[in-house]
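Inspection log for the structure reproduced underneath, given as structure tokens.
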């Protein structure tokens with residue numbers, strides 16, 4: 011169960027970072043009418059959607075890189091722990107054998 015939760019968290023990171031970047035962009039960015047005026051607001055909406063998509067893509071890309079790095083580190087740490095326990099088991103069996 012612990013491994014399943016770890017994998018779910020790692021898989022959710024890109025989605026969370028993408029959604030967070032999109033939310034951050036909409037929070038920072040005001041309305042088009044307030045930025046450029048009523049005359050150019052129609053052209054601004056398309057550009058604003060394009061920038062929102064880019065922010066979400068960048069956030070998801072960062073989340074993917076972070077999830078891959080974190081997953082690699084966790085897997086490396088787990089393998090080292092398994093190797094440590096296997097070498098300890100081998101030592102105890104060798105020490106217990108009569109010479």
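In the working numbering, the protein residues as written are 11 to 109. All residues carry an ideal CB built from backbone N, CA and C; glycine is no exception.
Q. By how many angstroms is the C-alpha of residue 78 removed from the C-alpha of residue 36?
A. As a working note, residue 36 is residue 26 in the chain shown. As a working note, residue 78 is residue 68 in the chain shown. One alpha carbon belongs to residue 36, the other to residue 78, and they sit about 27 angstroms apart.
Q: Could you tell me whether the Cβ atoms of residue 42 and residue 51 are closer together than 8 angstroms?
A: The count along the chain shown starts at 1 and reaches residue 42 at position 32. The count along the chain shown starts at 1 and reaches residue 51 at position 41. Yes, these two residues count as a Cβ contact at 8 angstroms.
Q: Put residue 30 into one of helix, strand or coil per three-state DSSP.
A: Here the question's residue 30 lines up with position 20 in the chain shown. Looking at residue 30 - three-state DSSP - the assignment turns out to be helix.
Q) Ends of the alpha helix (DSSP H) at residue 48? A) Translated into the one-based positions of the chain shown, residue 48 becomes position 38. That residue, residue 48, is in no alpha helix (DSSP H); it is neither H nor E in DSSP.
**Q.** Own chain residues within Cβ distance below 8 angstroms of residue 67, not counting five before or after
**A.** Numbered from 1 along the chain shown, position 57 holds the residue referred to as residue 67. Within its own chain, the residues whose Cβ lies closer than 8 angstroms to the Cβ of residue 67, once the five positions on either side in sequence are excluded, are 28, listed in chain order.
Q) Rounded to whole angstroms, how far is the Cβ of residue 20 from the Cβ of residue 62, which I believe are closer than 8 angstroms? A) As a working note, residue 20 is residue 10 in the chain shown. As a working note, residue 62 is residue 52 in the chain shown. Under the criterion of beta carbons closer than 8 angstroms, residue 20 and residue 62 do not qualify as touching, at roughly 25 angstroms.
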